[in-house]
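Add 13 to the 1-based position in the sequence shown for the numbering used here, that's all there is to it.
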Amino acid sequence: MVSEHAAQVLVASNRGPVSYTLNEDGSLDARRGGGGLVSGLSAVDDKVWVCAALSEGDREAVRRGVGEEGVRMLDIDAGVHTDAYNGIANSVLWFVHHLLYQTPVEPVFDDEFRRQWAAYETYNRAFAEALAEEAGEGAAVLVQDYHLALVPGMLRELRADLRIGHFSHTPWAPVDYFRLLPDDIGEQLLRGILGADRAAFLTRRWADAFIGCCTEILGGTSGTRIGVHGLGADGDFLLARSHEPDVDERMAALREQIGGDGDRKTIVRVDRTELSKNIVRGLHAYRTLLDNHPEWRERVVHVAFAYPSRQDLAVYREYTAAVQELADEINKAYGSDTWTPVVLHVKDDFARSLAAYRLADVALVNPIRDGMNLVAKEVPVVSDHGVALVLSREAGAYEELGADALVVNPYDVSATAEALHEALGMDERERAERSARLAEAATALPPQAWFLQQLEALREG
């Protein structure tokens, strides 16, 4: 059944543009999010965003009929969501696409996996059915990410009239690694995305990997068009936000923590404590820098922000603890009464992140594998005096920024340490010129334009 207020543009994602907190007195507080989808949808009329209720506050809002116009929040059974989101999306699909498995011992696809996979199917079907109800005749539907890989195929069966797109915000695994998945599951995932008229990716590399999987496993992409849209930084927003008073306050506090009367250099990283971000090797590289180039002792501080991620999964809690432990070890081994080598913060604070961007002499972005990595694009835009970027060749951003970055193999700690040494010693003029080119490339396709480009390409057929 189609809604009487059928929309012509729809977005589907696990997390929506608004979330609700249930207070002790029973009241609900709404909090709006940001990002490319939010700003992109704001530019179009007659739209609906379909998302999941993620918290008890969200579920209570759905039960009470509280919501925002243009947002449909699905109250999917909490157990189904947990199995689909943590069990499959984040513990299987994320690991496959980021090449994170320790293959001598994992993965193990047993009966428990099959039970969780059934929940993933149920979760995706709930989205497909909601989209089918909300979409007007011939509407454009943009389905987001690995959480909802089956939705395009399911929706195609329900509504053949729709223009369906799927966008992958992660890397895509090469075919040999993708085949770690059970054969039937791998085929189901590919056919699910191929239910779309158009499947799009952040870089050509990830698009080609998807085509390779489809060609090897299914014999081709079945007429689905493949696109690439390299999400860029929102330069105007970042520059304005980074000069607000709260950012100036954070800069003063960071300068005090850095010490050295303002003459110390800073190596900055800002990440979630996500396994793929490679924070531990980054810290090892910094320690190697201090060992191999002792002239930097007392003269440089590593400002590392490692914000907790997915702490309901044990492996993420252990990784967060390992980051804290290694930072403490470095400070104990090399620090002095006047110098703290690593300034580590683990509490999420966007204003403080922007302050660090402005102060950075060197930005370290060394993921094992990353769909894009917007930090690599944001730091050059915000930097006050130009920044040298040490960038992993396995970040999607490498495709656009590699020419003006110092590029590293993320597994090579020694080479990363040497890149940090080169970055710290870079001539100020060269650093400023590189940084300006990085900022220009980083803002080539800002979020709203990125979304509207996809919508236009889907409508063009």
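For every residue, glycine included, the Cβ atom is placed at its ideal position computed from N, Cα and C.
Alpha carbon of residue i to alpha carbon of residue j, nearest angstrom
i	j	result
L372	L202	43 Å
G475	I271	Not covered by the structure: residue 475. The range shown for the chain is 14 to 474.
T135	E170	15 Å
L471	V188	26 Å
S427	M167	48 Å
D417	L377	14 Å
N99	T228	29 Å
G225	N379	26 Å
E146	V388	37 Å
T456	D247	6 Å
N137	H94	10 Å
A369	I230	45 Å
P30	N36	20 Å
E443	L458	25 Å
L54	V84	11 Å
T429	V421	6 Å
A454	G415	10 Å
E391	L252	10 Å
R330	Q324	5 Å
Y320	D361	5 Å
CB contact flag (residue i, residue j, <8 Å)
i	j	result
L87	A65	yes
D383	E407	yes
F250	V283	no
A209	F223	no
L402	L339	no
S32	D71	yes
A141	L23	no
H434	H242	no
W219	P184	yes
Q467	L207	no
Y347	L302	no
L215	G409	yes
D174	E150	yes
R312	R277	yes
T286	S322	yes
V260	A364	yes
V63	A162	no
V281	V316	yes
L465	A56	yes
H160	N27	yes
H182	D197	no
A445	L419	no
With 16 other Cβ atoms within 10 Å as the buried cut-off, status of residue i
i	result
K290	buried
P258	exposed
G275	exposed
S68	exposed
Y424	exposed
R127	exposed
N386	buried
A298	buried
R2	Outside the shown range of the chain, which is 14 to 474, sits residue 2, and nothing can be said about it.
G232	exposed
R44	exposed
V314	buried
V105	buried
E413	buried
P393	buried
V118	exposed
A266	exposed
A186	buried
D96	buried
V121	exposed
R447	buried
E431	buried
DSSP bridge partner residues for residue i (one or two, in chain order)
i	result
M86	C64
W352	S349
A317	R282, L357
T429	Looking at the DSSP assignment, T429 forms no beta bridge with any residue, so it has no partner.
S235	For S235, which the question treats as bridged, DSSP gives no partner whatsoever.
Y33	A43
A25	V63, V156
G240	A213
T140	The sequence given here has Phe at residue 140, not Thr. In the DSSP output, where bridge partners are listed per residue, F140 has none listed.
F191	Bridge partners of F191: none, in fact.
S181	F214
D383	A408
A20	A148
Query raised in the report: Does the segment 71-81 come close enough to the segment 106-121 that 3 or more CB-CB pairs lie under 8 Å?
Result: At 8 Å Cβ cutoff, the stretches do not touch.
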